[in-house]
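Chemist:
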Amino acid sequence: MPIQTTSKIWHNGTLIPWEQATLHVMSHVIHYGSSVFEGIRCYGQPHGSAVFRLPEHMQRLLDSAKIYRMELPYTLEELCAGVVDVIEANGVTPCYIRPIVLRGYGEIGVSPKGSPIEVYIANFPWGKYIAGHGGADVCISSWNRLAPNTLPSLAKAGANYMNSQLIHMEAEVNGYQEGIALDVNGLVSEGSGENVFIVRNGVLYTPPLANSALSGITRDSVLTIARHLGLTVIEQSLPRELLYIADEVFFTGTAAEVSPIHSIDRIVIGDGKPGEITKSIADEFFGIANGLRPDRFGWLTPVKVNATEPVGV
Ligand SMILES: Cc1ncc(COP(=O)(O)O)c(C=O)c1O
Numbered sequence: 023m024p025i026q027t028t029s030k031i032w033h034n035g036t037l038i039p040w041e042q043a044t045l046h047v048m049s050h051v052i053h054y055g056s057s058v059f060e061g062i063r064c065y066g067q068p069h070g071s072a073v074f075r076l077p078e079h080m081q082r083l084l085d086s087a088k089i090y091r092m093e094l095p096y097t098l099e100e101l102c103a104g105v106v107d108v109i110e111a112n113g114v115t116p117c118y119i120r121p122i123v124l125r126g127y128g129e130i131g132v133s134p135k136g137s138p139i140e141v142y143i144a145n146f147p148w149g150k151y152i153a154g155h156g157g158a159d160v161c162i163s164s165w166n167r168l169a170p171n172t173l174p175s176l177a178k179a180g181a182n183y184m185n186s187q188l189i190h191m192e193a194e195v196n197g198y199q200e201g202i203a204l205d206v207n208g209l210v211s212e213g214s215g216e217n218v219f220i221v222r223n224g225v226l227y228t229p230p231l232a233n234s235a236l237s238g239i240t241r242d243s244v245l246t247i248a249r250h251l252g253l254t255v256i257e258q259s260l261p262r263e264l265l266y267i268a269d270e271v272f273f274t275g276t277a278a279e280v281s282p283i284h285s286i287d288r289i290v291i292g293d294g295k296p297g298e299i300t301k302s303i304a305d306e307f308f309g310i311a312n313g314l315r316p317d318r319f320g321w322l323t324p325v326k327v328n329a330t331e332p333v334g335v
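Note that the numbering used here has the sequence shown beginning at 23, numbered continuously upward.
#1: May I ask you to check if the CB of N233 is nearer than 6 Å to at least one heavy atom of ligand 1?
#2: Shorter than 6 Å, the distance from the beta carbon of E216 to the closest heavy atom of ligand 1, or not?
#3: Can you tell me the Cα-Cα spacing of Q67 and V206, whole angstroms?
#4: Under 6 Å from any heavy atom of ligand 1, does the C-beta of G238 make it?
#5: Closer than 6 Å: is that where the CB of G61 sits relative to any heavy atom of ligand 1?
#6: Relative to the C-alpha of R222, which residue among G197, Y266, Q187 is closest?
#7: Does the distance from the CB of A72 to the CB of P324 come in under 7 Å?
#8: I need the straight-line Cα distance from L101 to P95, nearest angstrom please.
#9: Give the straight-line distance between the Cα atoms of R318 and G252, rounded to the nearest whole angstrom.
#10: Taking the DSSP output, what are the residues bridged to I122?
#11: Less than 7 Å between the beta carbons of H284 and Y142, yes or no?
#12: Here's a check: name, in chain order, each residue in its chain whose Cβ is nearer than 7 Å to the Cβ of V132, leaving out the five neighbours to either side.
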């Protein structure tokens with residue numbers, strides 16, 4: 023989907039026009055993939071709008087930067103305030119927010135020391151990410167997720183998404199909406215941009231972070247909601263074939279939200295319809311995000327912009 027532009031982008035503490043948020047082709051990030059970033063959603067509320075789990079996202083951005091020795095001159099509070107400022111300046115909600123920290127124009131060698139750290143925060147409208155009415159048709163990718171001690175999975179780094187692109191492109195050319203990658207030991211890891219959950223015999227399972235999965239904020243939200251609903255939740259390594267015989271499988275992610283999976287490698291999951299547990303978790307997730315259920319876990323940061331689309335679950 024083409025990017026729908028807004029008016030301003032936050033750059034190193036000030037709001038600049040969207041068109042001026044440009045980089046020189048010789049910037050470090052362009053040659054070596056040296057960026058860390060976030061994806062966040064802001065939802066319309068019955069009154070105003072709210073960013074979903076803003077401090078958690080910005081803390082993950084700081085963590086990603088720390089792993090790559092990128093020193094940020096901004097605190098968690100300043101970064102969160104930057105997100106609210108840019109949304110309010112642009113006046114567009116619901117929206118997706120893309121903060122990015124990158125190594126800019128300075129030196130050409132691999133060493134990043136002489137290249138300045140630049141921070142940008144953009145926001146723009148972005149709708150549903152995973153297509154597929156009644157659930158996505160996905161495949162197991164022939165590409166593995168990042169091996170431990172190669173590119174760190176807990177850092178949400180731009181470079182990781184070269185692997186994600188391989189997974190996603192392979193799925194698309196073969197007629198699937200998305201791919202699920204295994205880790206280097208053949209255990210379930212994650213989608214190209216989503217965590218994976220399985221329901222079997224009423225129990226909710228998801229792979230642990232040690233299976234090369236990103237520490238998803240939506241993953242954490244779903245684990246919290248599931249425990250609140252009284253479900254048994256188990257984080258354990260999952261063999262590939264457990265996906266095929268699961269009663270329900272779904273993706274989670276900021277872009278994907280909670281997205282049911284209809285089939286994997288053309289094997290239909292359960293009875294082929296979004297399952298009851300997936301639905302009850304999704305209802306609570308969207309209910310909280312859209313301000314239609316109590317914000318019982320303190321996940322919403324209000325912004326003073328009225329949503330331009332009707333609020334819906
Ligand atoms: C590779 C990968 N895994 C999982 C996720 C889900 O993470 P979150 O729920 O924080 O968006 C994402 C999206 O950010 C991702 O890119």
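Where a beta carbon is used, it is the ideal one built from N, C-alpha and C, also for glycine.
None of these values were measured; they are calculated from a predicted model.
Modeler: Short version:
#1: Taking the sequence shown and counting its residues from 1, the one referred to as residue 233 is at position 211. Checking the Cβ of N233 against ligand 1 gives no.
#2: To locate residue 216, count along the sequence shown from 1; it is residue 194. E216 Cβ: within cutoff of ligand 1.
#3: As a working note, residue 67 is residue 45 in the sequence shown. As a working note, residue 206 is residue 184 in the sequence shown. Those two C-alpha atoms are separated by around 42 Å.
#4: Position 216 of the sequence shown, counting from 1, holds the residue named residue 238. Indeed, a heavy atom of ligand 1 lies less than 6 Å from the Cβ.
#5: Within the sequence shown, numbered from 1, the residue matching residue 61 stands at position 39. Yes, Cβ of G61 sits closer than 6 Å to a heavy atom of ligand 1.
#6: Counting from one through the sequence shown, the residue named residue 222 turns up at place 200. Nearest of G197, Y266, Q187 to R222, Cα basis: Y266.
#7: The residue you call residue 72 lines up with position 50 of the sequence shown. The residue you call residue 324 lines up with position 302 of the sequence shown. A contact, by the Cβ cut-off of 7 Å.
#8: Along the sequence shown, one-based indexing puts residue 101 at 79. Along the sequence shown, one-based indexing puts residue 95 at 73. If you take the alpha carbons of L101 and P95, they lie about 10 Å apart.
#9: As a first step, residue 318 is located in the sequence shown; it is residue number 296 there, counting from the start. As a first step, residue 252 is located in the sequence shown; it is residue number 230 there, counting from the start. The alpha-carbon atoms of R318 and G252 are separated by roughly 15 Å.
#10: Start at 1 with the first residue of the sequence shown, and residue 122 comes out as number 100. Paired residues: F59, Y142.
#11: Here residue 284 refers to the residue found at position 262 of the sequence shown. Here residue 142 refers to the residue found at position 120 of the sequence shown. No, these two residues do not count as a Cβ contact at 7 Å.
#12: One-based indexing of the sequence shown puts residue 132 at position 110. Hits under 7 Å: Y54.
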